[in-house]
Amino acid sequence: MHYDDVILGRRSIRGYLPKSVPRALIEEVLTLAMRAPSSMNTQPYHFHVVGGAALDAIRAGNTQRMAAGIPQSREFRTGEAFAGAHRERQVGVAKQLFSAMGIARDDKDARQDWVMRGFRQFDAPVCVIITYDRAVAGSDDTAFDCGAVATALVNAAWSRGLGTVINSQGIMQSPVVREHARIPDDQVIMKSIALGWPDEDFPANAVVSERRPVAEAAMFIGFDD
Numbered sequence: 045m046h047y048d049d050v051i052l053g054r055r056s057i058r059g060y061l062p063k064s065v066p067r068a069l070i071e072e073v074l075t076l077a078m079r080a081p082s083s084m085n086t087q088p089y090h091f092h093v094v095g096g097a098a099l100d101a102i103r104a105g106n107t108q109r110m111a112a113g114i115p116q117s118r119e120f121r122t123g124e125a126f127a128g129a130h131r132e133r134q135v136g137v138a139k140q141l142f143s144a145m146g147i148a149r150d151d152k153d154a155r156q157d158w159v160m161r162g163f164r165q166f167d168a169p170v171c172v173i174i175t176y177d178r179a180v181a182g183s184d185d186t187a188f189d190c191g192a193v194a195t196a197l198v199n200a201a202w203s204r205g206l207g208t209v210i211n212s213q214g215i216m217q218s219p220v221v222r223e224h225a226r227i228p229d230d231q232v233i234m235k236s237i238a239l240g241w242p243d244e245d246f247p248a249n250a251v252v253s254e255r256r257p258v259a260e261a262a263m264f265i266g267f268d269d
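The numbering used here numbers the first residue of the sequence shown as 45 and each following residue consecutively.
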């Protein structure tokens with residue numbers, strides 16, 4: 045697949061076929077992803093690729109704890125709630141998704157079910173949990189490097205016909221994730237990526253989130269044209 049086709053065609057996939065993904069293909073995707081740049085080649089990240097019974101246990105634990113009202117325990121800092129333009133973009137993509145799924149504004153049950161899909165890793169056959177070494181947790185470069193490798197991963201997956209969605213809901217209940225993904229104490233859980241074969245009949249998979257124009261995002265200094 046041409047590079048431009050990957051970048052312009054990729055979208056977040058929230059509905060998956062009940063079809064397994066070969067380990068060799070996932071390893072191929074990870075090999076490509078790990079060519080992403082990292083600060084001074086530190087490569088602080090790790091991938092915990094989970095499927096089968098272990099992933100089912102994470103799904104069950106996540107949903108049960110959230111439904112029981114147990115506070116989230118995400119390990120990577122959450123930050124303040126979005127406001128201003130950032131909140132507008134967040135609401136904008138939510139409206140696109142709810143519209144595609146036919147979920148009305150006042151349909152609380154349907155909206156809650158949609159939220160719980162995230163805690164189930166969107167029912168994908170594979171979940172890739174990205175962690176980083178606790179020894180470099182104090183460096184801002186660490187988060188940047190993990191973001192770079194996550195971006196490379198989702199693009200590499202798309203180039204191979206696989207769909208992904210980067211999400212935080214799947215790792216909000218960190219004790220559950222740490223236990224069943226066998227994550228050692230010297231690593232910090234950062235993000236999860238649902239991965240699998242896209243279900244082309246799932247309405248939300250057709251949603252393409254909007255992007256700002258370059259003219260709004262970039263400032264050019266020292267150019268004559």
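Glycine included, every Cβ here is placed at the ideal spot set by N, Cα and C.
The distance from the Cβ of GLY214 to that of ASN106 is about 7 Å, consistent with a contact at the 8 Å cut-off.
According to the DSSP secondary-structure assignment, TYR89 is paired through a beta bridge with TYR176. C-alpha of ARG55 to C-alpha of ASP268: approximately 35 Å in a straight line. Counted as a single uninterrupted DSSP element, the stretch harbouring ASN106 is not any beta strand (DSSP E) but the alpha helix (DSSP H) occupying residues 96 to 111. Taken through DSSP and simplified to helix, strand or coil, PRO115 comes out as coil.
Residue pairing by DSSP leaves GLY146 without any beta bridge partner. In the DSSP assignment, THR208 is bridged to SER56 and LEU239. Assigned with DSSP and collapsed to three states, ILE233 falls in strand.
Excluding its 5 nearest sequence neighbours in each direction, ALA200 has C-beta neighbours in its own chain below 6 Å: VAL73, LEU76 and ALA77, listed in chain order. Counting the other Cβ atoms within 10 Å of the Cβ of MET45 gives fewer than 16, which makes it exposed. The stretch 190 to 200 makes contact with the stretch 222 to 238; the number of CB pairs closer than 8 Å reaches 3 or more. In this structure, ILE114 sits away from THR175, with a CB-CB distance that is not shorter than 9 Å.
According to DSSP, residue pairing for VAL170 in a beta bridge involves GLY95 and LEU239.
It is roughly 11 Å from the alpha-carbon of PRO81 to the alpha-carbon of ASP185.
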